[in-house]
Every structure is written in structure tokens, then in C-alpha cells.
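Inspection log for the structure reproduced underneath, given as C-alpha cells.
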Ligand code: C5P
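Numbering (my numbering), first residue to last: 34 to 433.
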């Protein structure tokens with residue numbers, strides 16, 4: 034934590050009282066802390082307390098009404114190495130998930146280029162509500178880190194899940210994030226992610242349900258561990274956070290292929306996570322195709338290049354290639370076959386038979402099949418945790 038700049042966003046919940054020990058923990062570990070509060074948060078803990086502990090003035094308003102001094106959310110966002118919102122109330126979570134920007138804490142969120150952590154705190158029924166859960170899922174899909182609330186006694190007198198994580202645990206989560214072993218330092222990683230869209234006419238395409246979440250989680254994990262990442266991404270709504278990730282946006286399999294064939298020239302590691310369309314329409318209509326009054330319509334499809342297999346053909350000595358296989362049947366045989374055909378070091382298999390695995394979920398359950406024949410099975414985990422397991426496996430190959 035030494036020398037790290039922590040921007041602490043305090044929203045209006047009773048758990049705001051825990052911000053005093055939270056700030057002390059950060060300062061004790063050598064971090065610089067600046068605090069931005071929502072107007073309501075000031076009712077729960079005084080700015081004087083937090084200013085004294087953080088040794089910095091508290092920011093609440095967009096500008097100082099006395100002298101007109103502007104509190105720049107942009108420079109706050111640039112200053113911070115991490116932005117922690119603790120406690121994060123249901124209200125602020127909802128606003129963050131939807132891009133509402135009606136206070137300095139929220140504009141800072143939208144401007145922040147650094148990793149964002151949230152420690153939700155609310156009553157158990159609010160926490161369980163599908164609206165809150167959906168908003169948290171949205172924030173996760175933006176790459177934000179949710180520090181799960183604990184279960185226990187709540188200010189309402191009820192008992193359940195919703196207590197803000199303890200200050201020591203929050204600090205630990207952020208410390209762990211920063212202290213990640215730099216075991217990919219200096220390595221160049223290319224990742225393909227998301228679906229491809231194969232145009233039928235100017236307004237229609239053939240696509241698939243891939244959300245890109247797994248590929249983006251891998252990109253964040255590699256970047257966090259010191260790699261320079263080129264993320265070749267199909268159309269997705271997730272956003273890359275880390276400054277060492279360069280996103281190359283593509284739409285079709287052919288564009289993804291072109292970008293991958295270029296990037297492979299300098300990549301040390303390539304992770305092929307994209308759900309690439311195997312076929313595309315033979316030609317794209319220049320005008321929107323009109324509905325015929327009678328009869329059927331046929332679209333002729335031609336094969337797309339297999340990016341992983343093409344990369345396998347030009348793979349260099351020492352270059353590591355990782356593929357994915359989403360299977361519905363004969364999982365092991367199919368996955369092992371792809372691993373060999375595409376000249377991969379290992380293949381990550383997930384089965385549609387496993388609940389919570391595969392497309393669109395925040396979780397995944399994987400099995401790794403190595404080119405040398407070994408097999409490792411993992412439990413159902415958050416995609417961020419799955420990314421860690423995959424990167425650990427890559428590092429174990431590098432170290433061999
Ligand atoms: O589609 P299939 O199951 O063969 O995909 C297995 C692996 O090959 C995945 O890693 C996927 O990203 C990659 N792939 C590719 N180009 C394709 C099809 C698949 O890179 N055209």
C-alpha cells in the first residue's frame with residue numbers, strides 16, 4: 034500500500050461510521066487517502082473526523098461556494114490508484130450502474146481510470162432485491178470489484194447478509210489486488226474475446242450469446258500481473274479497466290483473424306476466448322433485405338477462418354496458446370481433439386450441462402486439458418477467480 038493513492042467514496046449509510054477505522058488502516062500502511070462524500074453521508078459521519086484521519090480536506094460539492102474553487106472529478110479520477118466506495122448504498126449502486134452523475138462521488142466514478150472497489154452495505158431485503166442484484170451484476174460486468182457484505186446483525190435489528198465488510202477485510206482485498214505477483218511482467222499477451230457479428234445486410238447479422246466477460250476478466254488478470262495486453266474484442270458491453278490493456282475492436286471473424294495474425298507476431302502468450310462464428314453469409318446485401326410475400330429465404334454461408342488453428346500453424350517456439358471449448362456432449366473427447374488440432378498448450382473446457390457455466394453468466398466451471406494429457410477440474414467460481422486459475426496455469430507452464 035506504500036505510496037498508493039486511495040480515493041474513498043463514502044455514501045449515506047449507517048456503515049459510514051466504519052470509514053474512520055478504514056482510513057486509519059490505509060494511512061497506517063502508507064497510503065495517501067482522499068475522501069469524497071455524498072451530501073447525505075455527512076449526516077452519518079462528520080467531514081471533520083474523516084478530514085483529520087485522512088489529513089486531506091473532504092470533498093462533497095462540485096465547487097467551493099465561498100471562493101468558486103472547482104473540485105475536479107477528472108483529476109481525482111486520475112490521481113487515484115484505486116477508488117473504493119464504502120459503504121456503497123443501494124441508491125449509489127443503482128446510480129453508478131446507470132451512469133447517473135448528480136454528485137461529485139458519482140462523477141468521480143465515471144471519470145475513474147483506476148480499478149474500482151465497492152463495499153455494499155444495506156438491509157438484507159434491499160440487498161436481496163433483484164434490482165440491487167442486477168445493478169451489482171452490471172457493475173461487475175464493467176470490471177468493478179465487489180467486496181461482498183458479511184452476514185450478521187444489521188442496524189435495522191434484523192439479521193442477514195448486508196453488513197459492510199469489516200475495514201480490515203476491505204483493506205486486505207485491496208492490498209491483495211495491488212500485491213499480485215508480477216509473474217507476467219514484460220510479457221505480451223493477446224486475447225480474443227466476445228462474439229463476432231457476421232453481416233447479412235446493413236441492419237442484420239449472425240451473432241451469438243457470448244458476453245466477453247471471460248475474456249475481459251482474463252485481460253484484467255494478465256494486466257494486473259504485469260503483462261501488456263492486446264484485447265481483440267468483438268462487440269460487447271463490458272469495458273476494460275486496466276491501463277495496460279489496449280482494446281482492438283472488431284466486428285467480424287475476418288477482422289478478428291486479421292488483427293490476431295498481426296498481433297501474434299509479437300505475442301508471447303495468446304488466449305483465444307472469442308466465440309467466433311464458424312460461417313458468414315457469402316455476401317452482404319447493400320440494402321436492407323425486404324420481406325418477400327411468399328416463399329422461403331435462403332442465406333448461403335461460407336466458412337470463416339479458424340483463428341486458433343491458423344495461429345497454431347505459425348506458432349513459435351516458446352509461444353503459449355490457450356483455447357476454449359464450450360461443449361454440450363462428448364466433452365473430453367471434443368476438447369482434447371480441438372487442443373491437438375489447434376496446436377494449443379492447453380484448452381479450457383466448459384460444459385453447457387453445468388449450471389452457471391458458459392455464456393452470459395458471471396460464473397464459470399472449467400476443466401483444463403493439457404496437451405501432455407493431464408486434466409484439472411475446478412469448481413464453480415466467479416469469472417474473475419476462474420481467470421486467476423487460468424493465468425496460474427499459464428505461469429506454471431512458463432516456469433516449467
Ligand atoms: O468453435 P470451437 O469450439 O472450435 O472453438 C474452440 C477454440 O477455437 C476457441 O478457443 C475459439 O476461440 C477458437 N476459434 C477460433 N476461430 C474460429 C473458431 C474457433 O479462434 N473460427
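Heads up, the beta-carbon is just placed ideally off N, CA and C, and yes, glycines get one too. A quick note: this is a predicted structure, and the numbers were derived from the prediction, not measured.
Query: Given residue 342 as reference, the closest of 377, 331, 209 once Cα atoms are compared; Result: 377
Query: Cβ neighbours of residue 375 in the same chain (closer than 6 Å, five flanking residues each side left out); Result: 341, 342, 345, 356
Query: When 337, 336, 385, 314 are compared against residue 330, the one with the closest alpha-carbon; Result: 314
Query: Residue 273 beta carbon less than 9 Å from that of residue 218; Result: no
Query: Residue 338 CB to nearest heavy atom of ligand 1 below 8 Å; Result: yes
Query: Ligand 1 heavy atom lying under 8 Å from the CB of residue 311; Result: yes
Query: Cβ-based burial, residue 135 [other Cβ within 10 Å; buried from 16]; Result: exposed
Query: Local conformation of residue 59 per DSSP, three classes; Result: helix
Query: Runs of alpha helix (DSSP H) wholly within the stretch 315 to 381 (minimum 4 residues, chain order); Result: 340 to 346, 364 to 374
Query: The stretch 57 to 76 in contact with the stretch 145 to 156 per 3-pair CB rule at 8 Å; Result: no
Query: Top-ranked residue by Cα proximity to residue 414, from 403, 317, 397, 368; Result: 397
Query: According to DSSP, residues forming a beta bridge with residue 150; Result: 117, 178
Query: 9 Å Cβ cutoff met for residue 420 and residue 223; Result: no
Query: DSSP-derived helix/strand/coil call for residue 47; Result: helix
Query: Buried versus exposed call for residue 139 [16 or more other C-beta atoms within 10 Å across all chains shown]; Result: buried
Query: CA nearest to the CA of residue 137, picked from 120, 193, 69, 173; Result: 69
Query: Burial state of residue 381 (16 or more Cβ within 10 Å); Result: buried
Query: Assigned exposure category for residue 267 - 16 Cβ within 10 Å defines buried; Result: buried
Query: Cα-Cα separation between residue 230 and residue 111, rounded to whole angstroms; Result: 35 Å
Query: Residue 356 beta carbon near ligand 1 (any heavy atom closer than 8 Å); Result: yes
Query: C-alpha distance - residue 394 paired with residue 101, whole-angstrom precision; Result: 47 Å
Query: Whether residue 434 touches residue 349 by CB criterion (9 Å); Result: This structure does not reach residue 434, given that the chain is present from 34 up to 433, and the question cannot be answered.
Query: Residue 260 in three-state terms, based on DSSP; Result: coil
Query: Any non-hydrogen atom of ligand 1 within 8 Å of residue 334 CB; Result: no
Query: Contact test: residue 375 Cβ vs ligand 1 heavy atom, cutoff 8 Å; Result: yes
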